[in-house]
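**Q**
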């Protein structure tokens with residue numbers, strides 16, 4: 006069973022997370038106590054939080070893959086998957 010959220014809610018949550026991540030103290034709180042921090046933002050509190058460091062970068066593999074597009078060797082789809090998986094993994098300045 007999947008659960009979808011409204012675009013407005015997703016955008017609002019994304020804006021809140023983006024603001025939170027810009028504040029080093031709040032970011033540390035998120036890593037230390039993700040349940041409380043996420044609940045305060047209105048997000049599911051059972052999400053897994055993985056923080057990249059200079060030595061570790063996390064790659065997120067999409068849960069659902071369009072097998073027909075893979076079988077058709079759809080290059081645009083492969084690029085889309087790559088952007089989704091690596092979007093936040095590339096740094097000009099390495100995190101500390």
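Residue numbers (the working numbering): 6 to 101. Cβ coordinates follow ideal geometry from the N, Cα and C atoms, glycine included. From a predicted model like this one, the values you see are computed outputs, not experimental measurements.
Quick one: Cα of residue 77 to Cα of residue 83, how far?
**A** Working through the chain shown from its first residue, we reach residue 77 at position 72. Working through the chain shown from its first residue, we reach residue 83 at position 78. For residue 77 and residue 83, the distance between alpha carbons rounds to 11 Å.
**Q** Short of 7 Å in beta carbon distance, which residues of its chain neighbour residue 35, apart from the five on each side in sequence? Order them along the chain.
**A** Counted from its first residue, the chain shown places residue 35 at position 30. The residues are 25, 42, 54.
**Q** Return helix, strand or coil for residue 63, following the three-state DSSP convention.
**A** Taking the chain shown and counting its residues from 1, the one referred to as residue 63 is at position 58. The answer is coil: DSSP assigns residue 63 none of H, G, I, E or B.
**Q** What's the gap between the Cα of residue 49 and the Cα of residue 27?
**A** Here residue 49 refers to the residue found at position 44 of the chain shown. Here residue 27 refers to the residue found at position 22 of the chain shown. Each residue's Cα considered, the two are about 21 Å apart.
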